[in-house]
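A.B. asks: Numbering of the sequence shown is given in the UniProt record's numbering, commencing with residue 1 and proceeding in unit increments.
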Amino acid sequence: TALQAELPEALFCGIQRGEELARHYASADLFLFPSQSETFGNVVLEALASGLAVVAFDQAAAAQHIRHGHNGALAVPDEPATFSDAACWLLEDDETLRRVRLNARQHAAARAGTASSSSSSSTCAASAPPRRRSPADAR
Numbered sequence: 001t002a003l004q005a006e007l008p009e010a011l012f013c014g015i016q017r018g019e020e021l022a023r024h025y026a027s028a029d030l031f032l033f034p035s036q037s038e039t040f041g042n043v044v045l046e047a048l049a050s051g052l053a054v055v056a057f058d059q060a061a062a063a064q065h066i067r068h069g070h071n072g073a074l075a076v077p078d079e080p081a082t083f084s085d086a087a088c089w090l091l092e093d094d095e096t097l098r099r100v101r102l103n104a105r106q107h108a109a110a111r112a113g114t115a116s117s118s119s120s121s122s123t124c125a126a127s128a129p130p131r132r133r134s135p136a137d138a139r
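1) Relative to the C-alpha of Q64, which residue among S37, A81 and C88 is closest?
2) Could you pull the start and end residues of the alpha helix (DSSP H) that A62 belongs to?
3) Mark A104 as exposed unless 16 or more other C-beta atoms lie within 10 angstroms of its C-beta, in which case mark it buried.
4) Should I15 go down as buried or exposed, given a rule of 16 or more other Cβ atoms within 10 Å for buried?
5) May I have the straight-line CA-CA distance separating A47 from R111, to the nearest angstrom?
6) By Cβ distance, which residues of its chain are closer than 7 Å to S117, with the 5 residues on each side in sequence left out?
7) Which complete beta strand (DSSP E) runs does the segment 9–81 hold, if anything under 3 residues is left out?
8) From Q4 to H107, what does the alpha carbon distance come to, in whole angstroms?
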């Protein structure tokens, strides 16, 4: 593609799943999330859980999970130059990147515990059969 020709040193891996996806996350230094409309942002949480600093625009799902300078970097919406500036900022200093990546993993772990508990409770409640009032009602 034209983008691959323009960025020959970049890897374009296509869709990845399962263990292969986990290997890609593990081999990355940071995660670039350029979407300005994604409302859930599952990949943002996956990247954070993998200990990756995430660069994203300060809106939608990314803005809910990323604290600029703490667990990632946020760019000004509709200003692409701020996106590349944020990525460069993270890559300029190894200590900053190390700290941000550690915070990313901690944020995702804390979020996963909360999300899992409430999600599991809701799922169990929604799928459980109605409770019978007495053994006699079961007949």
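Here a beta-carbon is modelled for each residue, glycine too, at the ideal position from N, C-alpha and C.
C.D. replies: Result, derived from the coordinates:
1) By alpha-carbon distance to Q64, the top candidate from S37, A81 and C88 is S37.
2) Following the DSSP letters along the chain, one finds A62 inside the alpha helix (DSSP H) bounded by residues A60 to H65.
3) That one is buried.
4) Classification for I15: exposed.
5) Going from the Cα of A47 to the Cα of R111 covers about 13 Å.
6) Bear in mind that a pLDDT of 43 at S117, under 50, signals an unreliable position, so the number given afterwards is only what the model happens to contain. So the list is empty, once near-sequence residues are dropped.
7) If we require 3 residues or more, the beta strand (DSSP E) runs fully inside the segment 9–81 come out as 30–33, 53–57 and 72–75.
8) Using only the alpha carbons, I get a separation of about 33 Å.
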